[in-house]
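S.K.: Residue numbers (UniProt numbering), protein chains in the order written: chain W, 1 to 639; chain P, 1 to 639. Glycine residues also receive a C-beta, built at the ideal position from the N, C-alpha and C atoms. Predicted model only: the values in this text are computed from it and were never measured. Before I ask anything, here is the structure I am working with.
There are 2 protein chains.
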Amino acid sequence: MGGVEVIHRVEEPPKRSTWQKLKGRLKETFFPDDPFRQFKNQPLKHRLILGAQYFFPILQWGPEYSFRLFKSDVISGLTIASLAIPQGISYAKLANLPPIVGLYSSFVPPLVYAVLGSSRDLAVGPVSIASLILGSMLRQEVSPSDDPNLFLQLAFSSTFFAGLFQASLGIFRLGFIIDFLSRATLVGFMAGAAIIVSLQQLKSLLGITHFTQQMGLVPVLSSVFHRTNEWSWQTILMGVCFLVFLLFTRHIGIRRPKLFWISAGAPLLSVILSTLLVFAFKADKHGISVIGKLQEGLNPPSWNMLRFHGAHLGLVIKTGIVTGIISLTEGIAVGRTFAALKNYQVDGNKEMMAIGIMNVVGSSTSCYVTTGAFSRSAVNHNAGCKTAVSNIVMAVTVMVTLLFLMPLFQYTPNVILGAIIVTAVVGLIDIPAAYSIWKVDKFDFIVLLCAFFGVTFISVQNGLAIAVGISIFKVLLQITRPKTMMLGNIPGTGIYRDLDHYKEAITTPGFLILSIEAPVNFVNTTYLKERISRWIEEYEAEEEQTKKQSELRFVVLDMSAISAIDTSGVSFFKDLRMTLEKKGVELVLVNPLGEVLEKLQRAEETKDIVKSDSLFLTVGEAVSALSSTIKFQVPTDHV
Amino acid sequence: MGGVEVIHRVEEPPKRSTWQKLKGRLKETFFPDDPFRQFKNQPLKHRLILGAQYFFPILQWGPEYSFRLFKSDVISGLTIASLAIPQGISYAKLANLPPIVGLYSSFVPPLVYAVLGSSRDLAVGPVSIASLILGSMLRQEVSPSDDPNLFLQLAFSSTFFAGLFQASLGIFRLGFIIDFLSRATLVGFMAGAAIIVSLQQLKSLLGITHFTQQMGLVPVLSSVFHRTNEWSWQTILMGVCFLVFLLFTRHIGIRRPKLFWISAGAPLLSVILSTLLVFAFKADKHGISVIGKLQEGLNPPSWNMLRFHGAHLGLVIKTGIVTGIISLTEGIAVGRTFAALKNYQVDGNKEMMAIGIMNVVGSSTSCYVTTGAFSRSAVNHNAGCKTAVSNIVMAVTVMVTLLFLMPLFQYTPNVILGAIIVTAVVGLIDIPAAYSIWKVDKFDFIVLLCAFFGVTFISVQNGLAIAVGISIFKVLLQITRPKTMMLGNIPGTGIYRDLDHYKEAITTPGFLILSIEAPVNFVNTTYLKERISRWIEEYEAEEEQTKKQSELRFVVLDMSAISAIDTSGVSFFKDLRMTLEKKGVELVLVNPLGEVLEKLQRAEETKDIVKSDSLFLTVGEAVSALSSTIKFQVPTDHV
C-alpha cells in the first residue's frame, strides 16, 4: 500500500459536442426517471397501447380487475365515503363556501382521478389546508357573506388556475418545484395551519354569532374572549361531548389499525346522533345553530362562472398557485408514502397531470380544489383498498347522498362539523417528527419554527413564504461557504483524510493538502480565496514559530468533490495559481472531474494550469511524486 | 497497490457540543478572513492601537508617510482631478441633478475615504452607472424638471440609505451578498448600461430640446428619429469632433499606459477648448446649449433635506439599496483588482464600512452616491499614486474649483459633457470578457445576455434582477440535480473513478459503485431516489440480457463529496436502505465526512445504517473486503 511507484495520469474527458452535453443535462433535469424507457424498441401498435396506458392507468389495471379485488374496494370505498360526507361539508364551510360544494367536490374529482391516477390508495376530495388557504386568501378582497355569488365564482376560478398550474408542472416536468417545500417547512406549516383551523372552529364550538374575520392567533383569541356573552352552553356541552368521542375513536384507530372502522365511522355516527338529538329536542330553537336546508341534485355545471378577467384576476391566479402547490405537495406525498408501503411506483409528474386535470374538470362542475387527503387515504389503505375503484365507490355513495339524502342534514348542528374538523387537523401536529428534526439538524428546526410561528402569527401564505425563503437561503449559504478541509496522511497508507476528523492523520512537510467540497462558482470564489490564503498564512506562521526547514512548496488541491465550475471558478484557479507563484509555491491539482477539467482547458488563460506535471489522479500519488523534488531542492534554497 | 489487506476503519468524528459547532459555523460564515487574528495575545495598549488602525487605516500608513510618496501622490491627484471635474459635472447631469452636485460629490467623499479606506488606488467620486440608476429610479415618481427641489431631497435621502445599507453589510459582515452578482451578470449589465447611458447622451450630442423621459433602447431611438427637425448641425459638428478626439486619446491611453496623461487630460482640455470656442463665436446664440451660470462656494449642509417619512420613502429606500449594492460592487471590485496588482490586501467588509460611512456623510453635505470609479482608479494607478493622499489632492483641487473657477464653466457646451460620458462608458463594454465567457460556460453566457437585453429593453433594475435571479436559479439547479457518477476500478490499482470519464475503468460484478457530488438535502432527495433506482434497474436489465451469474449484491455509495446532510437527507438514506433490503441488496457507505456521519448516527431510525460492517474508508477496501463474501454466497443462491 504505502509506496506508490506507478503514476496514473488524469485522462482527457471524452469529447462531446455542446449539443450532446446540453441534451444530457436537459435529460437529467427534466427526465431523471426516464419515463419513456419502456417505449424503446417496441412496434408502433404496442407503443400506442403503452402510450394510452401511460396517460390512462385505468387501461393498465382495468383488464385484470376481478371480483375479489372489487369486494375489497367496495368495503374501503364505503368506509371513506362515511368520512368524506361529513368532512366534505365541514371543509367547504372552512373555505367559506356553501356546504354542498364540499359534497360536489367529493363526487366528480374522485371519478376523474380513478381514470387518470396511478396511486391505488389515494382517497380524493377536499382537504383542510387547501380549504383554509383558499378561503382566507379570497376573503382578502371579497366578503363571502356580502357577495356569496362572486366569492363562489372566484373559488371556482382559483380551482381552475390551481389545476392548470398543477397540470403544467407535470407536463413541463417541473415537478421538482414542490421539492423546495422541505420536510421541516411542511411539519411546521401543517402544525401552524392546524392551530389556525382549530381556532376558526371556536365559532361553531362555542356558538359565537359575531366572529372576527381575521385568522391570526391573537385576533381570534381576543375576539373570542371579548364575546363571552355570546357563548352558548348548550352548544359547548354538545361540542365537548362529541369532540371527546371523536378524539377517543381517533386514538383507537391509531393504536390499532385493524379497528380503523371505529375512527372512520365515528364522524358519520356523530352527525347522525347529533342530528337526531337536535331534531328530537328541537335544540335549534335553543341556541344550537344548524346547517339548514340544502338543495338536492348533482353538480350543476359551473364553466360559465369562471372569470378570466376583471378586478380580482391577480388574486385568483395567486390563490390558484398557492393552493395548487400546497394541495399538490400533499397529494404527491400521500401517493408516494403508500406506494412505498405497498412497493409500487407512482410517477410524480404523471400524478401532477392527473391531479391538475381533475381540478380543471372540477372547476367547471362546481367543485373547488381537491387532492389526495392524508387522513382519508390512510383509512382507505387500512380498509384494504386495492385499486382506484374505491374512489368510484365513494363517488357513487356521495352521488346517492346528493340525490336523496340531503334533507336529512337540515338539522345537523354546526358544532359537530367544527368537532369533526378539529379531530381531523389534530393529526397534522406531528410532535415526534419535530423532535427528530430538532435532534438531527438544529437549522432545520429553526425553519420549522419559522413556518409554525409565521403561519400562526402572521398569515398562512406569508408564513409559508418565509419558511421556504429560509430553507433556500440555507442551501445557498452552503454553497457560499462551502466545506473545505485540510487533509493529512493516514500513516502506513496512501489515504488522505480530513485532519480535524481523523486524529491519527499527519501533515506532510512542505505540502498543504486541501479539499473543496462544492462547485466553485461566483458565489463562493471570494470566500475560497480568503480561506485558502488564511491557511497558507497559518502554515507560514507555524513554520516561523517552529523554525522548521520545511517551507511551503506545494498546495495540493483535491478536486474530487468539485462537481462543477463556472467562469468565476475558472478565474479563481487562475488567480490562485498567480498568487501562489508569487510566493514560490506550486499549485497541484488532483482528480478534477471531466467537465471541470474540460472548462479549465478551454479557457485560454488557464490552459497552463492543467499541466501534466502538476496534475495527478490521487493525492497519494501527487505527494509521493513531488516529495522527491522537495528533498533535492530544499537544502539548496537554504545554502 | 492492488490487493488491500488491512482495512482502515472510519473514525468517530471528535465530539463537539452544539454551541461549539454553531460557533465554528458562524465564524466560517461571517469571519472567514479572521480579521482579529493580529489582536490575539497582545497587551491592551497595543490592542487599542491596532483597533484604531483597523478602523482608520490612515493611522497605519500616515506615520510612515514621506515626501517622496507625496510627490507621486500630488501628480496622480492632479491627474485624476482633471478627469474628476468634467466627469463630476457630466454624471450629475446623467442623474438629473444640478451639475454642481457632481463637484460637491468629488470633494467631501474622497476626504472621508482617505481616512477610512484601505485601498491605495481607489479614486473616489460619482460614477456613471450609479448615477444612471439613481436618476432613472427616482424619475419614476418625481419629475426632476417639475420639482427639482423634491428630486434633490430624494437623491440625498437615497444616498443616505445607500450608505447605511453599505455600512450595515460591512458591520454585519454580510459582504458575501455582493458575490451574488456574478461576473457574467456584471459584464452583461455594464454593457447594457453603457448603451442606455450613451443613448441618453443623444440629447446633448444632437442638440435635441424635447427628449423622451424614457430610458429603453426602442423609445429613445424612436423619439430621436421622430424629432430630426430639432437636430442642430452646429452641435453635431462640435460633438463629433470632440468625440473623435476623446476616443482617440482614450485609445492611446489604453495602448500605452505610460501615456496615461494624454487620455486623462483630454476631457479637461476638451472642456476648456470648447468653452473658449463657444465664448469666442458666441455659439450659445447659434443653437449650442451651454451649462449656464453655476453658483460658487463649498458644499452646503443638506441634513435638513433628508426625508425619512412621507409618500416616497419606499422608493427612496429601494433606490438606496439598488444604487448602494451596485456602487459597492464596483468599488470593491476596483479595490481588489488593484490590490492584487500591487500585492496588498483589502478587507472587503472594512471597505464596505468605509464606502458606506462616506456616503452617509456625503448625504448630509450635498453629495450623491459615490464609490471607487474604475476608469479614474486606473488613471490614478497609472499616474503612480502611492496612498489615499492622491484623493486628498484631488479633493483640494476640486475645492479650489468650487471656490474660484465656477464662472469659467458658464459657457461650457452640454455637448462636450455628453461626449465625455460616452467616452467613459465605452470602456464598460467588455467584448473579450464576453467571448471568454461564451467559450468557457454557455449557461453563464445566457445569464450575460439576459442582463444585457434586460437592461437595454426592459429597465436597468429589472434587467439586473432577472440576471441575478437566473444566476441563483442555476446554482439551485446544480443542487436540485446534483452530479452523480457510476465508478469503476482502474485496472491494477485500488482507485475507482467515473466510468464515463475513464474509459479503461471496469465495473466489478455484483457491485454498483456510486458517488454523489453534492450535499443531500430536501431539494434533491427525490431526484437521487429516482436516479439510483434507475441505475439499479439498468443493472438488473443488463444482467438479464447477458445471463451472467452476477446478480447485484452491494450498492457502494462513495460519500466523500457529500459535504452536508439535513433531515430529508437522513430519511433518504433510511429509505434507500429499506428499498435495497427488499431487493436483497446491501447498502455500503464509504468515507462519510464527520458531520454527515454524526447526523446519521444521531437519528434513531438510521443508527443501524452506519453499522461497522458496511462502513469503509475507501471504495477499494470496501470492494476487496466484500467481494470475498460474494464468492461464497452467489453459488448457493443459484443451487
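1. Can you list the beta strand (DSSP E) stretches of 3 or more residues lying completely in the stretch 68-123 of chain P, in chain order?
2. Which complete alpha helix (DSSP H) runs does the stretch 112-196 of chain P hold, if anything under 4 residues is left out?
3. Quick check on the DSSP output: what are the complete alpha helix (DSSP H) runs of length 4 or more inside the stretch 384-445 of chain W, in order along the chain?
4. Can you tell me the Cβ-Cβ gap for P:V475 and P:A184, rounded? I've got them flagged as a contact below 8 angstroms.
5. Counting only C-beta atoms, is W:V634 closer than 8 angstroms to chain P at any point?
6. Taking only beta-carbon positions, decide if W:Q461 is within less than 8 angstroms of chain P.
7. Is DSSP giving P:M559 helix, strand or coil here?
8. What residues in the stretch 175-203 of chain W bring their beta carbon closer than 7 angstroms to a beta carbon of chain P?
9. Are the Cβ atoms of P:I196 and P:V460 separated by less than 8 angstroms?
10. Taking just the CA atoms, how far does P:R577 sit from P:T636?
11. Can you pull the chain W neighbours of P:D34, defined as C-beta to C-beta under 8 angstroms?
12. Going by C-alpha distance, which of P:V590, P:L268 and P:F554 is nearest P:S628?
13. With 8 angstroms as the threshold, decide whether the Cβ of W:R68 is near any Cβ in chain P.
14. Using a cut-off of 8 angstroms between C-beta atoms, extract the partners of P:A383 located in chain W.
15. Could you check the C-alpha separation between W:P98 and W:S82 for me, to the nearest Å?
16. Whole angstroms are fine: how far does the CA of P:A622 sit from the CA of P:H8?
17. Going by DSSP, what residue range makes up the beta strand (DSSP E) through P:Y496?
18. In whole angstroms, what separates the C-alpha of P:W438 from that of P:G125?
19. If you scan the UniProt domain "STAS" (501-626) of chain W from start to end, which runs of the beta strand (DSSP E) of 3 or more residues do you find wholly inside it?
20. Are the C-beta atoms of W:E542 and some chain P residue less than 8 angstroms apart?
21. The alpha helix (DSSP H) with P:L306 in it runs from where to where?
22. Any beta-carbon of chain P closer than 8 angstroms to the one on W:L617?
23. How long is the line joining the alpha carbons of P:F511 and P:H501, rounded to whole angstroms?
24. Determine, for W:A451, whether the minimum Cβ-Cβ distance to residues of chain P falls below 8 angstroms.
25. Using a beta-carbon distance below 8 angstroms, is W:I472 in contact with chain B?
26. Which of the residues in the stretch 7-36 of chain P, read from start to end, lie with their CB under 8 angstroms from any CB of chain W?
27. Under 8 angstroms Cβ to Cβ from P:L259, same chain only, skipping five residues before and after it: list those, please.
28. Tell me the rounded alpha-carbon separation between P:Y65 and P:S390.
29. Using a Cβ distance threshold of 8 angstroms, determine whether the stretch 89-108 of chain P contacts the stretch 353-372 of chain P, with at least three qualifying pairs required.
30. With burial defined as no fewer than 16 other Cβ atoms inside 10 Å of the residue's Cβ, what is the status of W:K582: buried or exposed?
31. Measure the CB-CB distance between P:G192 and P:G356 and report whether it falls below 8 angstroms.
32. Residues of the stretch 581-595 of chain W with a CB closer than 9 angstroms to any CB of chain P: list them in chain order, please.
33. Indicate the three-state DSSP secondary structure (helix, strand or coil) for P:G356 in the structure shown.
34. Along the alpha helix (DSSP H) that carries W:N380, what are the first and last residues, could you check?
35. When you compare the stretch 328-341 of chain P with the stretch 137-144 of chain P, are there three or more beta-carbon pairs, one atom per stretch, that lie closer than 8 angstroms?
36. Would a C-beta distance cut-off of 8 angstroms place W:F572 and W:T525 closer than the cut-off?
M.R.: With the structure as the only source:
1. none
2. 128-138 and 148-171
3. 389-400, 414-426 and 431-440
4. Translated into the one-based positions of the second sequence, residue 475 of chain P becomes position 475. Translated into the one-based positions of the second sequence, residue 184 of chain P becomes position 184. Not quite, the Cβ-Cβ distance comes to about 12 angstroms (not below 8 angstroms), so this is no contact.
5. Here residue 634 of chain W refers to the residue found at position 634 of the first sequence. Its pLDDT being 44, under 50, W:V634 is placed unreliably by the model, and the measurement read from it follows with that caveat. So, not an interface residue.
6. Walking along the first sequence from the start, residue 461 of chain W turns up at place 461. No - not a single Cβ of chain P is within 8 angstroms of the one on W:Q461.
7. On the second sequence, position 559 is the one that residue 559 of chain P refers to. If DSSP states are grouped into helix, strand and coil, P:M559 belongs with coil.
8. F176, D179, F180, S182, R183 and A184
9. Sequence index remark: in the second sequence, residue 196 of chain P carries index 196 (1-based). Sequence index remark: in the second sequence, residue 460 of chain P carries index 460 (1-based). Their beta carbons are under 8 angstroms apart, which means P:I196 touches P:V460 by this criterion.
10. Within the second sequence, the letter at position 636 stands for residue 636 of chain P. Within the second sequence, the letter at position 577 stands for residue 577 of chain P. Here the model assigns P:T636 a pLDDT of 40, short of 50, so the residue's position is not dependable and the matter cannot be decided.
11. Stepping through the second sequence from its first residue, residue 34 of chain P is reached at position 34. Within 8 angstroms Cβ-Cβ: R534.
12. The residue given as residue 628 of chain P occupies position 628 in the second sequence. With distances taken between Cα atoms, P:S628 lies closest to P:F554.
13. Stepping through the first sequence from its first residue, residue 68 of chain W is reached at position 68. With 8 angstroms as the cut-off, W:R68 does not count as an interface residue toward chain P.
14. Residue mapping note: residue 383 of chain P aligns to position 383 of the second sequence, counting from 1. Near P:A383 there are no residues of chain W at all, since even the closest Cβ is about 24 angstroms away, more than 8 angstroms.
15. Counting from 1 along the first sequence, the entry for residue 98 of chain W is found at position 98. Counting from 1 along the first sequence, the entry for residue 82 of chain W is found at position 82. Those two C-alpha atoms are separated by around 20 angstroms.
16. As a position in the second sequence, residue 8 of chain P is number 8, starting the count at 1. As a position in the second sequence, residue 622 of chain P is number 622, starting the count at 1. Near 10 angstroms, if we compare the C-alpha coordinates of P:A622 and P:H8.
17. Translated into the one-based positions of the second sequence, residue 496 of chain P becomes position 496. That run of the beta strand (DSSP E) goes Y496 to D498.
18. Numbered from its first residue, the second sequence carries residue 438 of chain P at position 438. Numbered from its first residue, the second sequence carries residue 125 of chain P at position 125. Between P:W438 and P:G125, the C-alpha separation is close to 33 angstroms.
19. 511-516, 554-558 and 586-590
20. As a working mapping, residue 542 of chain W is identified with position 542 in the first sequence. It does not; no Cβ of chain P falls within 8 angstroms.
21. Within the second sequence, the letter at position 306 stands for residue 306 of chain P. It is not in any alpha helix (DSSP H) - P:L306 carries neither H nor E in the DSSP assignment.
22. Stepping through the first sequence from its first residue, residue 617 of chain W is reached at position 617. Closer than 8 angstroms: yes.
23. Position 511 of the second sequence, counted from the first residue, corresponds to residue 511 of chain P. Position 501 of the second sequence, counted from the first residue, corresponds to residue 501 of chain P. So the two alpha carbons sit approximately 19 angstroms from each other.
24. For the purposes of this step, residue 451 of chain W is taken as residue 451 along the first sequence, with counting starting at 1. Output row for W:A451: interface = no.
25. Looking for chain B here will not work: the only protein chains present are W and P.
26. H8, E11, P13, P14, T18, L22, E28, T29, P32, D33 and D34
27. Taking the first residue of the second sequence as position 1, residue 259 of chain P is located at position 259. Hits under 8 angstroms: I252 and G253.
28. Here residue 65 of chain P refers to the residue found at position 65 of the second sequence. Here residue 390 of chain P refers to the residue found at position 390 of the second sequence. In a straight line, the C-alpha of P:Y65 is about 13 angstroms away from that of P:S390.
29. yes
30. For this step, residue 582 of chain W is matched to residue 582 along the first sequence. Result: exposed.
31. Mapped onto the second sequence, residue 192 of chain P falls at position 192. Mapped onto the second sequence, residue 356 of chain P falls at position 356. Not in contact: P:G192 and P:G356 (Cβ atoms no closer than 8 angstroms).
32. K582, N591, L593, G594 and E595
33. Your numbering for residue 356 of chain P matches position 356 in the second sequence. If DSSP states are grouped into helix, strand and coil, P:G356 belongs with the helices.
34. For this step, residue 380 of chain W is matched to residue 380 along the first sequence. That run of the alpha helix (DSSP H) goes F374 to N382.
35. no
36. Numbered from its first residue, the first sequence carries residue 572 of chain W at position 572. Numbered from its first residue, the first sequence carries residue 525 of chain W at position 525. Contact: yes.
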